[in-house]
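Enquirer:
Protein chains in written order, with my numbering: chain L, 1 to 320; chain E, 321 to 640.
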């Protein structure tokens with residue numbers, strides 16, 4: 001076990017507490033292997049299949065941990081959030097399980113399939129311009145007394161996301177490295193806390209088209225989100241959150257990038273070789289392994305396959 | 321247990337023997353459930369996931385049973401077949417495991433992804449016009465001494481295909497009915513032998529665009545294959561085989577149909593709700609349940625989800 005830097009906003013102990021709290025509420029997802037994928041990638045891949053998680057994404061973990069951490073008085077006033085998709089469905093799901101109200105602010109640009117999923121879980125969806133997501137959410141919280149559960153800055157969410165890596169390291173012995181996608185950084189932060197504590201290497205995986213996290217961690221200065229991004233990875237468009245940046249900086253996590261055609265090739269490989277649906281954001285770890293093959297050659301590589309919610313438009317594009 | 325009609329070309333005992341022979345060579349595939357699919361369908365669905373089978377389809381079962389049934393002398397001369405796809409990959413896979421030669425005759429119209437799969441398993445592919453498949457295969461067998469393993473008329477193949485239903489009935493108690501797709505009829509024949517013996521109802525599922533099996537069993541006269549079929553179900557284009565027709569007639573199996581838009585909707589539902597890739601042919605059982613909801617309402621329904629090999633062209637078509 002490596003020592004954890006002092007005073008991180010989230011610790012390994014928080015991740016372990018989250019695992020105990022959410023057990024039985026979310027799936028312990030399978031770890032899938034494929035000899036054909038291994039042959040293509042030149043290493044041994046272990047796919048932590050969060051596309052088979054409740055609501056189709058790892059986000060069920062963090063949202064459930066946050067909702068179950070509320071006091072009864074807090075819970076009675078409900079929860080609210082703003083999200084481009086999977087976190088919204090996840091919070092709606094978690095709130096539904098506890099029987100409390102959930103308000104979700106979603107941009108007009110969110111995919112229809114994700115809006116329908118959120119409403120299907122019983123949440124109230126409030127649409128707004130992408131630029132007004134935070135202000136709309138804050139107003140809702142002030143009006144209703146609901147607790148805001150931020151998709152990747154809430155420490156309870158970060159701790160919950162780390163439980164996927166905890167299970168992966170529990171199920172696969174002698175992993176050399178874990179790769180997780182990075183958007184706001186909640187999943188990667190939780191994953192890094194777990195991996196560093198076990199002396200397992202860890203990398204972030206980010207689309208080249210929205211490489212702000214890679215540049216943030218390289219430069220030591222948190223970079224803003226990329227404007228008008230050209231990528232099918234709708235789950236990875238945001239800039240790093242404040243606590244996420246602090247954790248990833250302290251743990252010296254490097255983010256690797258892959259270009260769009262490699263990401264779409266990876267997403268299609270998941271579908272063809274494992275017969276599991278993976279959304280483009282969830283295929284970025286495999287894309288990074290393909291794009292940086294020399295870094296992973298011959299190693300035992302765990303990939304957090306983060307989600308499987310997609311309308312398949314990318315599959316029908318010229319590059320897909 | 322219902323009595324089996326006398327003198328069928330394949331019996332339940334053959335299916336049981338096949339199960340013992342192929343154990344350890346093919347996957348015992350999982351049975352997947354989905355509360356969302358149940359709510360849509362109005363019944364309890366149990367998806368026998370042969371899309372997760374070796375080579376991505378149930379065909380691995382019949383081909384493996386056939387190859388493992390050969391004497392050493394027969395095996396030394398290899399095997400050959402003609403097939404539009406999944407049976408070809410399955411025979412190549414089974415031959416490769418036994419370390420014997422395999423020749424596969426494929427029509428020029430076969431999807432590229434399936435040709436590549438067959439060659440990837442080490443078989444020799446011989447392309448020909450669709451109309452010359454049988455003659456080309458017969459010539460190859462005469463030249464090499466290889467044993468022809470027909471995709472759905474070989475009794476060893478029919479027995480092997482029935483093992484999926486055997487496992488399904490083993491894993492799920494109190495099933496009311498099993499639904500399997502029907503093209504040449506090998507899978508449906510094996511399934512019917514197993515279901516009838518357990519007093520479980522059984523239906524075939526066929527695209528309306530190629531409804532020759534439905535008409536054959538209704539009329540009592542084996543109908544020819546539909547010319548120039550308009551369907552994405554490339555695995556179900558053939559007419560019923562001779563022994564298959566005999567078995568399905570004797571067991572009084574009814575075939576239900578679904579139109580193309582319902583089939584494509586069902587295939588997309590598999591992808592969206594279970595996150596598992598299903599080829600259109602494999603989605604016909606779910607389509608039939610959706611199209612004939614009154615027949616299945618409130619029942620416990622097992623679906624043989626037969627395969628997951630597709631190039632996704634159907635998903636990008638206007639109806640998909």
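Beta carbons are placed, not taken as given, at the ideal position from N, Cα and C, and that holds for glycine.
Where DSSP assigns a beta bridge to residue 501 (chain E), which residues make up the other side?
Expert: Answer by DSSP bridge pairing, in chain order: E:525.
Enquirer: Could you tell me which chain E residues have their CB closer than 9 Å to the CB of residue 108 (chain L), listed as they occur along the chain?
Expert: Residues of chain E passing the Cβ test: none, with the nearest at roughly 22 Å.
Enquirer: Which word fits residue 609 (chain E), buried or exposed, when buried means at least 16 other C-beta atoms lie within 10 angstroms of its C-beta?
Expert: Its Cβ being crowded by 16 or more others within 10 Å, residue 609 (chain E) is buried.
Enquirer: Checking the sheet assignment: what are the DSSP bridge partners for residue 107 (chain L)?
Expert: DSSP lists L:128 as partners of residue 107 (chain L).
Enquirer: Report back the beta-carbon spacing between residue 146 (chain L) and residue 101 (chain L) to the nearest angstrom; my notes put them in contact at under 8 Å.
Expert: The Cβ separation is near 7 Å, so the contact holds.
Enquirer: Bridge partners for residue 343 (chain E) per DSSP, in chain order?
Expert: Note: residue 343 (chain E) sits in a beta bridge opposite E:346.
Enquirer: Give the DSSP-derived three-state secondary structure of residue 321 (chain E) in the structure shown.
Expert: Because residue 321 (chain E) sits at a pLDDT of 48, beneath the cut-off of 50, its placement in the model cannot be relied upon, and the following sentence gives the value as read from the coordinates. Coil, per DSSP.
Enquirer: Chain L partners of residue 376 (chain E), CB-CB under 8 Å?
Expert: Under the 8 Å cutoff, chain L gives 275.
Enquirer: Measure the alpha-carbon distance for residue 247 (chain L) versus residue 9 (chain L) and round it to whole angstroms.
Expert: One C-alpha to the other measures close to 7 Å.
Enquirer: May I ask you to verify whether the region 450-468 of chain E touches the region 305-313 of chain L, counting CB pairs closer than 8 Å and requiring at least 3?
Expert: In short, these stretches do not touch, since the Cβ pair count stays below three.
Enquirer: Return the CA-CA distance between residue 572 (chain E) and residue 595 (chain E), expressed in angstroms with no decimal places.
Expert: For residue 572 (chain E) and residue 595 (chain E), the distance between alpha carbons rounds to 35 Å.
Enquirer: Mind the definition here: the region 483-500 of chain E touches the region 515-528 of chain E only if three or more C-beta pairs lie below 8 Å; say whether that holds.
Expert: The region 483-500 of chain E is in contact with the region 515-528 of chain E.
Enquirer: Among the residues of its own chain, which have a CB less than 6 Å from the CB of residue 206 (chain L), if the five just before and after it don't count?
Expert: Correct list, in chain order: 182, 213, 214, 255, 257.
Enquirer: May I ask which residues mark the beginning and end of the alpha helix (DSSP H) holding residue 439 (chain E)?
Expert: Taken as a continuous stretch (DSSP letters only), the alpha helix (DSSP H) holding residue 439 (chain E) covers 432-440.
Enquirer: Express the C-alpha separation of residue 383 (chain E) and residue 395 (chain E) in angstroms, rounding to a whole number.
Expert: Whole-angstrom Cα-Cα distance: 13 Å.
Enquirer: Is residue 386 (chain E) near residue 409 (chain E), with beta carbons less than 7 Å apart?
Expert: For residue 386 (chain E) and residue 409 (chain E), no; Cβs fall outside 7 Å.
Enquirer: Using the rule of at least 16 other Cβ atoms within 10 Å of the residue's Cβ for burial, across every protein chain shown, is residue 261 (chain L) buried or exposed?
Expert: Exposed is the call here.
Enquirer: How would you write the range of the beta strand (DSSP E) that residue 49 (chain L) sits in, first residue to last?
Expert: From DSSP, the beta strand (DSSP E) with residue 49 (chain L) extends over 44-49.
Enquirer: In chain E, which residues lie less than 7 Å from residue 312 (chain L) when you measure between Cβ atoms?
Expert: Simply 635.
Enquirer: For residue 196 (chain L), does the three-state DSSP call read helix, strand or coil?
Expert: Looking at residue 196 (chain L) - three-state DSSP - the assignment turns out to be helix.
Enquirer: Considering Cα atoms alone, identify which of E:399, E:428, E:559, E:640 is closest to residue 448 (chain E).
Expert: Ranking the options by Cα distance to residue 448 (chain E), first place goes to E:428.
Enquirer: Can you find at least 3 beta carbon pairs, one from the region 183-193 of chain L and one from the region 148-167 of chain L, that sit closer than 8 Å?
Expert: Yes, the region 183-193 of chain L is in contact with the region 148-167 of chain L.
Enquirer: If you run the structure through DSSP and keep just helix, strand and coil, what is residue 578 (chain E)?
Expert: Strand at residue 578 (chain E).
Enquirer: Kindly list, in the order they appear in chain L, the residues whose Cβ is closer than 8 Å to that of residue 628 (chain E).
Expert: In chain order: 275.
Enquirer: If I measure Cβ to Cβ from residue 372 (chain E) and keep anything under 8 Å in the same chain, skipping five residues before and after, which residues do I get?
Expert: Within the same chain, residue 372 (chain E) has close Cβ partners 347, 349, 350, 596, 628.
Enquirer: Would you call residue 321 (chain E) buried or exposed, if buried means 16 or more other Cβ atoms sit within 10 Å of its Cβ?
Expert: Bear in mind that a pLDDT of 48 at residue 321 (chain E), under 50, signals an unreliable position, so the number given afterwards is only what the model happens to contain. Result: exposed.
Enquirer: Can you tell me whether residue 173 (chain L) is buried or exposed? The criterion is at least 16 other CB atoms within 10 Å of its CB, across all chains shown.
Expert: Residue 173 (chain L) comes out exposed.
Enquirer: Could you have a look at residue 57 (chain L) and say whether DSSP puts it in helix, strand or coil?
Expert: Three-state DSSP puts residue 57 (chain L) in a strand.
Enquirer: Taking 7 Å as the CB-CB limit, is residue 175 (chain L) close to chain E?
Expert: Residue 175 (chain L) does not count as touching chain E.
Enquirer: Compare the C-alpha of residue 18 (chain L) against each of L:271, L:194, L:286 and name the closest.
Expert: When each option's Cα is compared against that of residue 18 (chain L), the closest is L:194.
Enquirer: With distances taken Cα to Cα, identify the nearest neighbour of residue 241 (chain L) among L:210, L:231, L:220, L:184.
Expert: The shortest C-alpha separation from residue 241 (chain L) is found at L:184.
Enquirer: May I ask you to report which of helix, strand or coil DSSP gives residue 622 (chain E)?
Expert: Of the three classes helix, strand and coil, the one that applies to residue 622 (chain E) here is strand, per DSSP.
Enquirer: Between E:638, E:625, E:423, E:584, which lies nearest to residue 443 (chain E) when the distance is taken from Cα to Cα?
Expert: Closest option to residue 443 (chain E), Cα to Cα, is E:423.
Enquirer: In three-state DSSP terms, what is residue 220 (chain L)?
Expert: Coil, per DSSP.
Enquirer: Considering only their Cβ atoms, is the gap separating residue 425 (chain E) from residue 402 (chain E) smaller than 7 Å?
Expert: Closer than 7 Å, so yes.
Enquirer: So, helix, strand or coil for residue 399 (chain E), using DSSP?
Expert: Strand.
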